[in-house]
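**Student:** Position 137 of the sequence shown, counted from 1, bears residue number 266 in the working numbering, the numbering being contiguous throughout.
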Amino acid sequence: MTTNVPTTPRGKSSAAAHHPTTPATQRITTAHITQASPSYTTTRRHSLYGVEDRVVIDPGSRIWKVGFSGEGKPRDVFYTTGQTGEALWQLSRTSDPQDRAEGDRILEIRLQQCLRSVFHDSLLTDPKARKVIIVEGPLLPIYIKEMMARILFENQVRFVTACTEKETNDIP
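1. Sort Glu181, Lys202, Ile192 and Ala230 by Cα distance to Thr213 and report the nearest one.
2. Could you tell me whether the stretch 248-259 touches the stretch 213-233, using the rule of 3 or more Cβ pairs below 8 Å?
3. What separation, rounded to the nearest whole angstrom, lies between the Cα atoms of Lys111 and Ile238?
4. Which whole runs of the alpha helix (DSSP H) in the stretch 175-251 are 4 residues long or more, in chain order?
5. With 16 other CB atoms within 10 Å as the buried threshold, where does Ile273 fall?
6. Got a sec: does the ligand NAD put a non-hydrogen atom nearer than 7 Å to the Cβ of Gln241?
7. Can you tell me where the alpha helix (DSSP H) with Lys274 in it begins and where it stops?
8. For Asp187, I'd like the list of residues in its chain whose CB is within less than 6 Å of its CB, leaving aside the five on either flank, ordered along the chain.
9. In angstroms with no decimal places, state the Cα-to-Cα distance between Thr223 and Ser190.
10. Contact check, Ile262 vs Arg183 under 8 Å by CB: the rounded distance?
11. Would you check if the distance between the CB atom of Val206 and the CB atom of Ser198 is smaller than 8 Å?
12. Could you tell me which of Cys243, Asp233, Leu252 and Gly211 sits nearest to Pro270, measuring between CA atoms?
13. Using a 10 Å radius around the Cβ and a threshold of 16 neighbouring Cβ atoms, would you call Phe282 buried or exposed?
14. Spatial neighbours of Glu200 within its chain, please: CB distance less than 8 Å, with the 5 preceding and 5 following residues excluded, ordered by chain position.
15. Would you mind stating whether Arg204 and Leu240 have Cβ atoms separated by less than 8 Å?
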């Protein structure tokens, strides 16, 4: 039985690996005009949220996808608990208050580790420098949303929540 592996796991074992290269400057034959590097024109796209690219986080219980708003595909797709594929959270919670508090503390630590990994390992950016868009699935529990917001605000990250495509179709 084969397991589904994210398209760009942290091991970077994808066959279609991208090797960054320095873009070449092209000279135009007219006098004193040089075309700039394509990276200067593609990093400043106008979008719904302004000119600056935002960090986009699509948190799932098992797989997270992260990247920047101006890009066509995620920069990184990774399992939240390593290669085990174990869920980071469950849709149902225990009714015992002590067990629930213990589970919430463990989950908050794991979410904080995942969010730090997103900024420092996957995207290599300062969390305070960019705004964040969180793609919320329709079944994402409210306590997880609140926990993620608390973690991001404690680290002084500016963020905007985004609804999924299904939710936008349901708006009258």
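Cβ coordinates follow ideal geometry from the N, Cα and C atoms, glycine included.
**Tutor:** Well, looking at it:
1. Within the sequence shown, the letter at position 84 stands for residue 213. Taking only the C-alpha atoms, the option nearest Thr213 is Ile192.
2. no
3. The shown model of the chain, from 130 to 301, leaves out residue 111, and the question about it has no answer.
4. 226-246
5. Your numbering for residue 273 matches position 144 in the sequence shown. Ile273 is buried by the Cβ-count criterion.
6. As presented, the structure is devoid of all ligands, the ligand NAD included, so that no description of it is given.
7. For the purposes of this step, residue 274 is taken as the residue at position 145 of the sequence shown. It spans Ile271 to Glu283 - the alpha helix (DSSP H) in which Lys274 sits, taken as one unbroken run.
8. Against the sequence shown, residue 187 aligns to sequence position 58. If we look at Asp187 and ignore the five residues flanking it on each side, its Cβ neighbours are Lys194 and Val264.
9. Here residue 223 is taken as the residue at index 94 of the sequence shown, counted from 1. Here residue 190 is taken as the residue at index 61 of the sequence shown, counted from 1. Computed Cα separation, rounded: 17 Å.
10. Sequence index remark: in the sequence shown, residue 262 carries index 133 (1-based). Sequence index remark: in the sequence shown, residue 183 carries index 54 (1-based). At roughly 5 Å, the Cβ-Cβ gap stays under 8 Å, so Ile262 and Arg183 are in contact.
11. Working through the sequence shown from its first residue, we reach residue 206 at position 77. Working through the sequence shown from its first residue, we reach residue 198 at position 69. No, Cβ-Cβ distance for Val206 and Ser198 is not below 8 Å.
12. Position 141 of the sequence shown holds residue 270. Checking every option, the nearest Cα to that of Pro270 belongs to Asp233.
13. Position 153 of the sequence shown, counting from 1, holds the residue named residue 282. Per the 10 Å Cβ criterion, exposed.
14. Locating residue 200 in the sequence shown gives position 71, counting from the first residue. Only Asp182 meet the Cβ criterion.
15. Counted from its first residue, the sequence shown places residue 204 at position 75. Counted from its first residue, the sequence shown places residue 240 at position 111. Going by C-beta atoms, Arg204 is not nearer than 8 Å to Leu240.
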